[in-house]
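Quick note on numbering: numbering that gives the first Met the number 0 labels position 108 of the sequence shown as 107, and the sequence is numbered without any gaps. Using N, Cα and C, we set each Cβ at its ideal position, and we do this for glycine too. Worksheet: one structure, shown below.
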Amino acid sequence: MRPTTLTDSAQIEKLFADFLAAWTAGDAAAFGALFTDDSDYVSYDGTIARGRLEHERNHDKLFRGVLAGSALVGELESVRHLTPDVAVAHGTASVLMPWRATLPARRLSRQTIVLARTAAGWKISAIHNGRVRPVTVPEPDAFPSKMSQLMARVARRLGLGRR
Numbered sequence: 000m001r002p003t004t005l006t007d008s009a010q011i012e013k014l015f016a017d018f019l020a021a022w023t024a025g026d027a028a029a030f031g032a033l034f035t036d037d038s039d040y041v042s043y044d045g046t047i048a049r050g051r052l053e054h055e056r057n058h059d060k061l062f063r064g065v066l067a068g069s070a071l072v073g074e075l076e077s078v079r080h081l082t083p084d085v086a087v088a089h090g091t092a093s094v095l096m097p098w099r100a101t102l103p104a105r106r107l108s109r110q111t112i113v114l115a116r117t118a119a120g121w122k123i124s125a126i127h128n129g130r131v132r133p134v135t136v137p138e139p140d141a142f143p144s145k146m147s148q149l150m151a152r153v154a155r156r157l158g159l160g161r162r
């Protein structure tokens, strides 16, 4: 294994830029080429696709169908090297449909990307794409917490739920 270098960071930044550009160009082959052969892709709705060829096929249908003419816009937020040959990155991106000039806030997604150094350079080994829908964690004495605690006590007394 080699130590990480500034070149690695530049290559990873370019990979993310290429990810956005391949989508925006509607180029499923270029999009698929960014992934390792055995990669996983978890979509915003929780579905999972396995393997570079499946990502390419799925995105070919999307680029020629419901996402035709769309752009993927976003930015790389962070990169953390777990080893010299594996990194995890976080980015935000959203699909900008051709009839929109700006992104609706509800369309913003965050990607967690596992990157692997290959003989051909850095590739995406896994990606998980989730919608950004922040919720506030209620304090233990807040109304939602108190209601949940009450429901748990009632369920236990009635013999319902997990035991």
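Those residues which DSSP pairs with residue i across a bridge
i: G45; result: For G45, which the question treats as bridged, DSSP gives no partner whatsoever.
i: S108; result: A92 and R130
6 Å CB neighbourhood of residue i in its chain, flanking five on each side removed
i: W121; result: Q10, I11, L14 and L114
i: R130; result: Y43 and S108
Test: residue i CB closer than 8 Å to a CB of chain C
i: L61; result: Looking at the structure shown, chain C is missing, and only one protein chain is on hand.
Reduced DSSP secondary structure (H/G/I, E/B, other) of residue i
i: R161; result: coil
i: L114; result: strand
i: R132; result: coil
i: A125; result: strand
Whole-angstrom distance between residue j and residue i, CA atom to CA atom
i: T91; j: K60; result: 23 Å
i: K145; j: L52; result: 49 Å
i: S42; j: S8; result: 25 Å
i: N128; j: S69; result: 17 Å
i: L159; j: A151; result: 9 Å
i: A154; j: P133; result: 29 Å
i: V136; j: A119; result: 43 Å
i: G50; j: S38; result: 5 Å
i: T6; j: S93; result: 27 Å
i: D247; j: T82; result: Because the chain in this structure spans residues 0 to 162, residue 247 falls outside the shown range and cannot be described.
i: P143; j: P103; result: 29 Å
i: I112; j: D84; result: 14 Å
i: W30; j: A100; result: The question names Trp, but residue 30 in the sequence shown is Phe. Computed Cα separation, rounded: 24 Å.
Own chain residues within Cβ distance below 7 Å of residue i, not counting five before or after
i: A48; result: Y40, H54 and N57
i: P97; result: G68 and S69
Next on the checklist: Going residue by residue through the region 11-97, where are the continuous beta strand (DSSP E) segments of at least 3 residues, counting only ones entirely within it?
Outcome noted: The region 11-97 contains these whole beta strand (DSSP E) runs: 34-41, 47-49, 70-82 and 85-95.
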